[in-house]
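If you count by mature numbering (1 follows the signal peptide of the UniProt record, and there is no 0), then the sequence shown holds residues -26 to -1, 1 to 1188, one letter each, in order. Just so you know, even glycine gets a beta-carbon here, dropped at the ideal spot from N, CA and C. Written below as structure tokens is the structure these notes are about.
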Amino acid sequence: MAPVQVKAVNLLQALFLIILFDELFAEQDQKLRINVLKPEFKSDPEGLLLHRDQANNFRESHGRRRRDLWEECYDEGCSKEEVEEVVSGHALHQYYYGWRCMKLYGSDWTYSGNPSTLQCSNILRDVKVCVNSRTGVGRSQSRNCYFGSAKNVYAVYMENGCNDGKMGNWKLTFNDPSNSVRYVYNVGCRDKENFATVRGATMYSATLVGGGGGDGYISNYKLGWFGYDSKNCGHPGVPANGNLIGNNFYETSQVTYTCRYGYTRVGNERRTCQWHGWDGSLPVCKRLCDPGTYSSRGYEPCTPCRIGTYQPNKRSRSCISCPGGKSTDTTGKRFLSDCHHKCSKAVCNLQAWSQWSDSDSSFENQCASQIRKRFYKKTWQEILDPSGCDSVNKVCPPDQSERRQRVVYCDPLPEPEYGYYLPKNCTITKQACKSVSSSVCMFFCGKGFDRQGTDADFRRVCKADGRWTTSSAKCKDTMAPEITCPENVEVGNERGKSYARVNLPNANATDNSGKTPSIRISTPNIEAMQIFQISETATTVYYSATDDAGLTSNCSFTVKVKDTEKPQVLECPKEHLVYTSERPKRVVFPEPKFQDNYDTAPVITASHKPGALFYWKKYTLTFSARDKAGNTATCSYPLQVGPLTCPLYDPPANGIRSCNIKVNEAKQEYVCVVQCNENYDFDEKPEWSSYACMNGAWNGYKFPIYQQLPEGRPWKDCAVKSSPTGVAKNVKVYAGSCLSGNEETQKKIKEQFLEFINQDPLLSSMFSCLGNNNVDCQLANVKVSKIIDYCLFPSRGLDENAYVIDIKMKVLDLNPDSSSLEKQKLKDIETKMLANKQIVDDAIKRATSMVMKVQVDSVDVEDEDVKGACALGKVVVVKSGSGSELDRSVCVDCSAGTYYSKDAEACVQCKNGTYQDTEGQVYCKVCPGGTSTIGRGAKSLQDCKGICEGGRYSTTGLETCVACSVGKYQPNNHSTSCLPCPAGTSTFDIGTTSIEDCKKLCTAGQFSKHGGLGACLPCPRGTYQPNAKEKSCIKCPSGMTTVGDGSTSKDQCKSSCRMDFENSIDHWTKTGTAFNNQPTYGDNPRFRNRESAQQQGNWWIGGAENRPSPSHPAGQIQGDGPTGTLTSPTFQITGKSLSFLIGGGCDVTKVRVELLIDGLVVKRETGRCFESMERRCWDVSEYQGKVAQVRLVDQSTGSWGHINFDDLRGDSCI
């Protein structure tokens, strides 16, 4: 069907109204009453197709639009759908279905108006025509149609036939104050109709007003209306959980819906009763979502909040997520407090392997295989964790599978250099060709290496033929070694030296290659064993480590030598005696001499000034020498001023010294008497009554004898004296043969004698009866010795050889009383001992006869008097006078400098190296290590003097020590002199310790750093020395050198050949671009924080540098990219050697210096991949007389692709 070109709405309206009302109206202006009858309804029994014959009926109707419709539907008819193309909705039902109803059931029938049912109704039987005129309405004329007060007017219609094909202006007005009219049909031609609704009229009416046009009037029109009873729509219904407001259910009335608390309305709030029933649909009351639930609209159906969310409010469209990763234990939670850390912990149980099964899949090489699997069965264990779930395991390991090949294996791959294969067993065990994917071993490089090759090279596959895929993969080293320097070194100087030979600790370096990198000291002029001078600042030492790839790393540490040696004493007087009768006397005394190993002028201070006035007295002069490091040496010696020619010794401790001057002609001599203070005494009776200084030496005097005494103080010290606290008795027993024993025999006699004494019942009872709680009875000492003296007296009745057994019996009071009571107690003991004298003697004789195997009568016992006894640390001194020895006995403490010897039963002076600063002691204290005492009897720690070490001496071997002079040595400590060097040798320094320090003198043409002694070296080329015993050589004048080593005269200096780039490279020939910016000014690498170039002068060849003038910024580089050559002018070789400085790259195939002879390369050299240049030397003796050139070659663009060069020298040239 072709598209309708006219307005479809007007066309169908006209068609419907003409057919519907053509025969229902009678006369013009007829007024009708409403006569409403209940309508009937009939269904449409046929399909909704407008057939051609039906269209023909339209053709017979008037009007062009009807004809147009007929033409549209003539051939095939018009379907409902085709009509809907121009007409839709209610209009379609009105016009199309209305026509259908009229054709089926008559002119009173039309569409029922209910869009839900396609029914026909005879409602049009009550249409009232109020105007039906074919004569028309003229200009400004009107026709009225009054409806009275009808409230249920269904439709008002007006028809204009338009038979003349023209349309004048007309107007149809409608008065409907109650707004109850349902439809108004306004029909006219060419869409010229004009319709308006007028509100507020007192009557319901419709008025047609003519407007003219064409023939000036409207003809062939109808105007009418029809109505029906008010419709009762019935009860609209009440939704569940809802309420209905309103009880009028007639047409035009409205009802309102509400819902109970907790529910909400979904749908219409209001509904209106219309002619066809209630409009809209019944709303529904939906329950609001409770707290803990939600829905997209806030009402049912509601969903509980998911685990991990909560909702405290009603009518929520969503839930709130728990904060901070928390969760809830169940759904439907209402509060934030319901959120907690709920963790699910995975429990993984590894299941058993499945059975081996053949795999349908295969390798590309058709390798057969089998596979088996096992998996982890995961169960969840819910746990609560208030601190979070980060540490809770949630994942099981991946499933495991194993494949095995039935036939094909590839041998283990060889370990790649600097790399490895994964899996690790690729290089350990044979690899099977598996079915799903071939055995793949991936090639990787170790740390610091880059893989070189393609992806196929990295992926090694075991093929079906048992061979691996080929690979050219390799690893390139990109990581420099790791180097660790030792800790900073701080040492003291060598003795007598201003330096220290330091054996530098090694640096440690490792490389990612696993090989040990080469480590060297990169600081110029420093070797592994290096002499470092004393300095306040440390010397920085650099180590560098270079691996096989030429990669280098550096580290540093410091070495500092501190002056730890005090100045040496060259001369220190032993003493200085000034014999004079002047008082006071101005004395100029000798001063010691000092020498320091480092400080040339140590600060010397003295306790006294030379030339000062001194009174008669003994002084101690102390001199101190302090060097810059604070080390101090001292020299102390005594100064004695006065008429005394002997050393004036101090009085005894705890005593006094009284001296008188005895004038004998011109001589004045001292006579001194010493005595102890009250309550003090000597530990033995003095041998001399006085002491006299005679002829410069002390003499002891005891009438009538003078005896010269040994050097040293002639008198002892005094110590505290006290009363005895016990008694003692000595018994001597003589028996035996003087020829029958030795020391071992004497020891055996003693042991057996003591055994018999202890077993003798009489002696035991005697000592036990003496012993009680307060008294200790003992055999204090038993000595056995050979008494040769008594063998000379046969009158004793002894054999011509005999022994003496010396027995000392002692009884000590352990709790002594006051002096008077104690004295009586001791007297009682003495009485008892005397009363038992014979008992004791007999027992001793019996014991002696048993031991010596002699007759009892041959044993001679000699008793001594009973005297006092003292506690340990004290000795008994029996004073002269009357009374028994016990009455005259006193106890005296052993004085300081001595100790009590139990064996000697006397105070004994402390030995060398020990001292005792307290009285009454039984031992001496040992001096600290490295110290000793001058002789015996030292009284304090200060008497412990430092022992002179090797290379030093003193008269005592102790401080103050004097260094051995040049030409002497001393290897031992504690020496009192030095040894002279062998003839023809000498030492360089003082204080030497070995004969090895005695060196031969260097001759002319030689030198030695050690003052021209020993280890003599020939003067190197370019120097000479005409003298012997020199520590250096003299350089030849500028521009000259010597032909060889060991030159002895300046006349041996010849003109030298040298090229050092200080005057540019204008005469050198360049190719390429490597040397375009040369020569380089200054130590440019140092400004890049690299090693020093160690160039000679200011200008040198630096292949990587870019500083061609001082004005260029320091540290600039041109890099390793440029290549080229630099060739020197020609020169003739007349000497034996050429030397030069070289550094930079270390690949001699790409970076080097060459020696050209007649254009041919005869020698070449390269650097060490280090910026610092080092001197290298070529032996060119075989090329003497030849014309030569030196050529620098740079063919490298990679790392270390440059050369450093400077200071080309020849020993002579033309």
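- Contact between R239 and V229 fails: their C-beta atoms lie close to 13 Å from each other, not under 8 Å.
- Taking 8 Å as the cut-off, the Cβ atoms of S365 and R348 do not count as close.
- Rounded to whole angstroms, the separation of the alpha carbons of L987 and A1002 is 9 Å.
- Scanning the segment 223 to 254 for uninterrupted beta strand (DSSP E) segments of 3 residues or longer gives 228 to 233, 237 to 240 and 244 to 248, listed from N- to C-terminal end.
- About 11 Å separates the CB atoms of Q890 and T907; that is not less than 8 Å, and the two are not in contact.
- Taking 8 Å as the cut-off, the beta carbon of C922 is found no closer than this to the beta carbon of G911.
- Residues of the same chain with a CB within less than 7 Å of the CB of S472, apart from the 5 flanking positions on each side, are Q507, I508, N571 and Y572 in chain order.
- Nearest in C-alpha terms to K913, of all of L788, K885, K811 and K799, is K885.
- CA-CA distance, P790 to C844, rounds to 11 Å.
- Comparing alpha carbon positions, the residue from T594, K591 and F563 closest to G585 is F563.
- The count of Cβ pairs closer than 8 Å, one atom from the segment 472 to 491 and one from the segment 518 to 535, reaches three, so the stretches are in contact.
- Residue pairing by DSSP places V552 opposite V615 in a beta bridge.
- DSSP places D816 within a helical segment (H, G or I) once states are collapsed to three.
- In this structure the segment 1105 to 1116 does not lie against the segment 1079 to 1091, because fewer than three pairs of beta carbons, one per stretch, are closer than 8 Å.
- Annotated as proximal: E539 and N467, with beta-carbon spacing under 8 Å.
- Nearest in C-alpha terms to K602, of all of E836, N1063 and P576, is P576.
- Between Q980 and F962, the alpha-carbon positions lie close to 16 Å from each other.
- Following the DSSP letters along the chain, one finds F432 inside the alpha helix (DSSP H) bounded by residues D429 to F432.
- Cα atoms of I803 and P698: separation of roughly 13 Å, rounded to the nearest angstrom.
- Inter-residue distance for K899 and C918 is about 11 Å (C-alpha atoms, whole angstroms).
- One thing to note: K591 has its Cβ no nearer than 8 Å to the Cβ of G700.
- Sequence-distant partners of T526 (beyond 5 residues in either direction) whose C-beta falls short of 8 Å from its own C-beta, in its chain, are A454, P455, S518, A519, T520, C1143 and F1144.
- The shortest CA-to-CA distance from Q248 to any of I964, C972 and T226 is the one to T226.
- Listed in chain order, the beta strand (DSSP E) runs fully inside the segment 448 to 525 are 448 to 451, 456 to 458, 463 to 466, 473 to 477, 482 to 484, 492 to 495, 503 to 507 and 513 to 520, counting runs of at least 3 residues.
- If you compare the alpha carbons of D451, D485 and V476 with that of M503, the shortest gap goes to V476.
- Taking all protein chains in view, the Cβ of D439 is surrounded by fewer than 16 other Cβ atoms within 10 Å, so the residue is classified as exposed.
- Under the three-pair Cβ rule at 8 Å, the segment 826 to 844 counts as touching the segment 856 to 876.
- As the crow flies, the alpha-carbon of I1107 is around 44 Å from that of K450.
- A straight line joining the alpha-carbon of N1072 with that of N1080 spans about 14 Å.
- Bounds of the beta strand (DSSP E) holding G1117 are S1111 to G1118.
- Restricting attention to K659, F417 and W442, the CA atom closest to the CA of K853 is found in K659.
- Exclusion of the five residues before and after P210 leaves V229, R245 and W252 as the residues of its chain whose Cβ lies within less than 6 Å of its Cβ.
- Beta-bridge partners assigned by DSSP to R862: none are found.
- One thing to note: Q1069 has its Cβ no nearer than 8 Å to the Cβ of K1124.
- Scanning its chain for C-beta atoms nearer than 6 Å, with the 5 sequence neighbours on each side dropped, one finds around K421 the residues N486, in chain order.
- A contact between stretches requires three or more CB pairs, one per stretch, nearer than 8 Å, and the segment 1012 to 1029 fails this requirement with the segment 1142 to 1161.
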